[in-house]
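The block underneath contains the structure these notes are about, expressed in structure tokens.
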Amino acid sequence: MLLWMIQCAAHDNAANHATARKKGQFAAIVLANTQICREHFLLTLRLREFPASEPGQFVQVLCPPPDVAVQSAEQAVAGLQEVFWEPGTRPPRFHDPDFLGSQPYLRRPFSIAGRRDDPANAVSDIDLIYRVIGKATIRMSHLVTGDSISILGPLGNAFPVPEATHTALLVGGGVGIPPMIYLADKFQRAGIKSIAFVGAQKADLIPLHITGDVGTQASSNVREFAAFNTQTVVATDDGSLGNKGFVTQALEKFCESSAVSQGVIFCCGPTPMMRATALVAARLKLPCYVSLEQPMACGMGTCQSCIIKYRSGSAEDWVYKLTCKDGPVFNSADILW
Ligand SMILES: Cc1cc2nc3c(=O)[nH]c(=O)nc-3n(C[C@H](O)[C@H](O)[C@H](O)COP(=O)(O)OP(=O)(O)OC[C@H]3O[C@@H](n4cnc5c(N)ncnc54)[C@H](O)[C@@H]3O)c2cc1C
Ligand code: FES
Numbered sequence: 000m001l002l003w004m005i006q007c008a009a010h011d012n013a014a015n016h017a018t019a020r021k022k023g024q025f026a027a028i029v030l031a032n033t034q035i036c037r038e039h040f041l042l043t044l045r046l047r048e049f050p051a052s053e054p055g056q057f058v059q060v061l062c063p064p065p066d067v068a069v070q071s072a073e074q075a076v077a078g079l080q081e082v083f084w085e086p087g088t089r090p091p092r093f094h095d096p097d098f099l100g101s102q103p104y105l106r107r108p109f110s111i112a113g114r115r116d117d118p119a120n121a122v123s124d125i126d127l128i129y130r131v132i133g134k135a136t137i138r139m140s141h142l143v144t145g146d147s148i149s150i151l152g153p154l155g156n157a158f159p160v161p162e163a164t165h166t167a168l169l170v171g172g173g174v175g176i177p178p179m180i181y182l183a184d185k186f187q188r189a190g191i192k193s194i195a196f197v198g199a200q201k202a203d204l205i206p207l208h209i210t211g212d213v214g215t216q217a218s219s220n221v222r223e224f225a226a227f228n229t230q231t232v233v234a235t236d237d238g239s240l241g242n243k244g245f246v247t248q249a250l251e252k253f254c255e256s257s258a259v260s261q262g263v264i265f266c267c268g269p270t271p272m273m274r275a276t277a278l279v280a281a282r283l284k285l286p287c288y289v290s291l292e293q294p295m296a297c298g299m300g301t302c303q304s305c306i307i308k309y310r311s312g313s314a315e316d317w318v319y320k321l322t323c324k325d326g327p328v329f330n331s332a333d334i335l336w
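Following numbering that gives the first Met the number 0, the numbering of the sequence shown begins with 0 at its first residue and continues without gaps.
Here it is, written out as structure tokens:
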């Protein structure tokens with residue numbers, strides 16, 4: 000009995016050690032924080048000895064302390080008017096009128112959008128693309144080169160890798176586009192052909208660099224995906240760029256007209272968009288993996304704030320799963336939408 004207990008403790012220690020090596024808390028230095036479109040920024044961070052990560056994984060960002068946060072409501076609104084507001088357009092979405100009065104105490108989750116390693120110096124640069132929507136992201140938008148912030152990660156599971164003969168269909172909506180860029184990088188290295196489908200409400204909310212006419216077909220004029228030899232189909236709800244309508248409609252149209260027989264769908268975006276993608280996948284009989292973006296508090300399986308209903312056994316049976324720990328990537332057919 001004693002031996003068994005010692006063995007269990009040793010196993011737990013080894014498991015904890017392995018987990019500890021796989022994720023941790025890191026001080027990250029801001030290399031750049033640039034605005035890409037009306038409400039999105041690209042934040043590039045440098046970390047030392049950051050553990051290996053995979054597309055689909057995310058980090059928890061402890062948002063900037065007060066010295067880099069805006070000082071007063073008047074200054075914030077003036078700054079945001081300068082950056083985001085055009086006369087006659089909708090103001091930024093401040094759901095909490097007192098947002099400046101309190102700190103964002105909880106970390107906020109963001110998908111890893113890209114990563115470059117310098118193994119000789121044990122240094123990694125990671126990209127986060129974030130939309131400015133509230134307390135924490137407003138503060139993040141004020142970060143400048145040289146600032147330091149705390150990162151917890153890498154967290155969560157990863158997208159699976161399809162067979163080399165399959166075509167990866169990368170479907171991203173809004174803030175779900177960033178993990179698709181990292182995935183395109185990985186698939187290019189693995190020799191897997193990818194096509195990206197990106198959607199947003201309107202052209203100026205697409206967090207990507209458009210380098211030419213994108214038309215309604217797959218084009219190489221989206222810089223972030225073209226860098227990984229991936230063509231991109233663009234859709235906007237209002238038709239201001241690319242296909243008019245939802246990205247799921249563009250995906251379905253493309254698959255029907257291109258005879259993608261061995262496609263595998265990888266998707267991230269708002270829940271209604273992922274649910275619609277799951278339906279398209281079911282209609283086309285294609286496997287589909289979604290990365291859920293449930294609101295999260297701890298990001299590590301402790302607080303139970305990110306539960307979803309997950310199929311278990313028969314069609315009616317289900318269990319709760321934690322998006323942060325069991326996911327965020329799930330087979331779309333296993334989720335009770
Ligand atoms: C695994 C994961 C990966 C993510 N990756 C990215 C990413 O790459 N880029 C990005 O911009 N965002 C991403 N998000 C969403 C991001 O975490 C939130 O936008 C961020 O926490 C908002 O913080 P805030 O303090 O600025 O806004 P808050 O003040 O906390 O919220 C502002 C408003 O947005 C709503 N909101 C906040 N989070 C979510 C959410 N997850 N889903 C729906 N509504 C929400 C709130 O209810 C509130 O109405 C991700 C979320 C998850 C769970
Ligand atoms: S975010 Fe705390 S358990 Fe998932």
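Note that beta-carbon positions come from the ideal geometry of N, C-alpha and C, so glycine has one too.
Straight-line gap, residue i to residue j (C-alpha atoms, nearest Å)
{"i": "Ala225", "j": "Cys302", "result": "39 Å"}
{"i": "Arg138", "j": "Ser239", "result": "30 Å"}
{"i": "Phe227", "j": "Gln187", "result": "6 Å"}
{"i": "Gly211", "j": "Asn242", "result": "15 Å"}
{"i": "Val233", "j": "Ile180", "result": "14 Å"}
{"i": "Leu105", "j": "Leu250", "result": "36 Å"}
{"i": "Ile125", "j": "Leu44", "result": "5 Å"}
{"i": "Cys297", "j": "Gly113", "result": "23 Å"}
{"i": "Gln216", "j": "Gln261", "result": "20 Å"}
{"i": "Ala183", "j": "Gln230", "result": "10 Å"}
{"i": "Ser123", "j": "Lys21", "result": "15 Å"}
{"i": "Glu38", "j": "Val131", "result": "6 Å"}
{"i": "Phe98", "j": "Ala135", "result": "In this prediction, Phe98 scores a pLDDT of 44, lower than 50, which makes its location untrustworthy; the coordinate-derived value is nonetheless stated afterwards. So the two alpha carbons sit approximately 9 Å from each other."}
{"i": "Arg222", "j": "Gly145", "result": "26 Å"}
{"i": "Ala8", "j": "Ile209", "result": "In this predicted model, Ala8 has a pLDDT of only 36, less than 50, meaning its place in the structure is not dependable; the value taken from the coordinates is given anyway. When rounded, the distance between both Cα atoms is 54 Å."}
{"i": "Ser140", "j": "Tyr129", "result": "9 Å"}
{"i": "Ala189", "j": "Thr164", "result": "11 Å"}
{"i": "Tyr288", "j": "Leu42", "result": "26 Å"}
{"i": "Ala119", "j": "Arg47", "result": "11 Å"}
{"i": "Ala121", "j": "Phe49", "result": "8 Å"}
{"i": "Arg107", "j": "Val279", "result": "31 Å"}
{"i": "Thr235", "j": "Ile307", "result": "29 Å"}
{"i": "Gly172", "j": "Val197", "result": "6 Å"}
{"i": "Ser331", "j": "Ala167", "result": "15 Å"}
{"i": "Leu283", "j": "Ser257", "result": "12 Å"}
{"i": "Ile205", "j": "Cys36", "result": "7 Å"}
Endpoints, beta strand (DSSP E) assigned at residue i
{"i": "Val197", "result": "Lys192 to Ala199"}
{"i": "Ile148", "result": "Ser147 to Leu154"}
{"i": "Gln59", "result": "Phe57 to Leu61"}
{"i": "Ala280", "result": "First-last for Ala280: Thr270 to Leu283, but that is the alpha helix (DSSP H), not the beta strand (DSSP E)."}
{"i": "Thr136", "result": "Careful: Thr136 lies outside any beta strand (DSSP E), inside the alpha helix (DSSP H) at Lys134 to Met139."}
{"i": "Ala225", "result": "Segment Arg222 to Ala225 is the alpha helix (DSSP H) holding Ala225; no beta strand (DSSP E) there."}
{"i": "Trp317", "result": "Trp317 to Leu321"}
{"i": "Gln34", "result": "Gly23 to Gln34"}
{"i": "Gly211", "result": "No beta strand (DSSP E) holds Gly211; DSSP gives it neither H nor E."}
{"i": "Phe40", "result": "His39 to Arg47"}
{"i": "Val289", "result": "Cys287 to Ser290"}
{"i": "Gly173", "result": "Where Gly173 is concerned, there is no enclosing beta strand (DSSP E), given that its DSSP letter is neither H nor E."}
{"i": "Asp117", "result": "Gly113 to Asp117"}
{"i": "Ile334", "result": "No beta strand (DSSP E) holds Ile334; DSSP gives it neither H nor E."}
{"i": "Tyr104", "result": "Note, Tyr104: premise wrong, no beta strand (DSSP E); not H, not E."}
{"i": "Lys308", "result": "Ile306 to Arg310"}
{"i": "Phe158", "result": "Here Phe158 belongs to no beta strand (DSSP E), and DSSP marks it neither H nor E."}
{"i": "Val328", "result": "Val328 to Asn330"}
Close-in-space but distant-in-sequence residues of the same chain around residue i (CB under 8 Å, 5 per side omitted)
{"i": "Gln56", "result": "Ser110, Ile111, Gly152, Pro153, Leu154, Gly155, Asn156 and Ala157"}
{"i": "Phe93", "result": "Only weak support is given to the placement of Phe93: the predicted model assigns it a pLDDT of 41, under 50, and the question is left unresolved by the model."}
{"i": "Gln404", "result": "The structure shown has nothing for residue 404, since the chain only spans 0 to 336."}
Where the alpha helix (DSSP H) through residue i begins and ends
{"i": "Lys185", "result": "Pro177 to Arg188"}
{"i": "Ile264", "result": "Per DSSP, Ile264 belongs to no alpha helix (DSSP H); it is in the beta strand (DSSP E), Gly262 to Cys267."}
{"i": "Ala234", "result": "Element bounds for Ala234: not the alpha helix (DSSP H) but the beta strand (DSSP E), Gln230 to Thr235."}
{"i": "Ile125", "result": "Premise fails: Ile125 lies in the beta strand (DSSP E), Val122 to Arg130, not in any alpha helix (DSSP H)."}
{"i": "Ala249", "result": "Val246 to Ser257"}
Close beta carbons around residue i, own chain, < 6 Å, minus the five adjacent residues each side
{"i": "Val213", "result": "Asn220, Val233 and Gly241"}
{"i": "Thr276", "result": "Val170, Thr247 and Cys266"}
{"i": "Pro286", "result": "Val263"}
{"i": "Lys320", "result": "Ile307 and Tyr309"}
{"i": "Asp237", "result": "Lys201"}
Residues near residue i in its chain [Cβ-Cβ closer than 7 Å; skip 5 each side]
{"i": "Trp336", "result": "Arg274 and Ala277"}
heavy atom of ligand 4 below 8 Å from residue i C-beta
{"i": "Tyr129", "result": "In the structure on display, ligand 4 does not appear, and the ligands it does have are ligand 1 and ligand 2."}
> Can you list every residue whose CB sits closer than 7 Å to some heavy atom of ligand 2, going in chain order?
Replying inline: Met295, Ala296, Cys297, Gly298, Met299, Gly300, Thr301, Cys302, Gln303, Ser304, Cys305, Leu321, Thr322, Cys323 and Lys324
>> Tell me whether the segment 257-277 and the segment 25-45 touch, counting them as touching only if at least three CB pairs, one residue from each stretch, are closer than 8 Å.
In response: no
> Does the count of Cβ pairs from the segment 198-213 and the segment 300-316 closer than 8 Å reach three?
Replying inline: no
> With a cut-off of 8 Å, do at least 3 Cβ pairs link the segment 285-296 to the segment 310-319?
Replying inline: no
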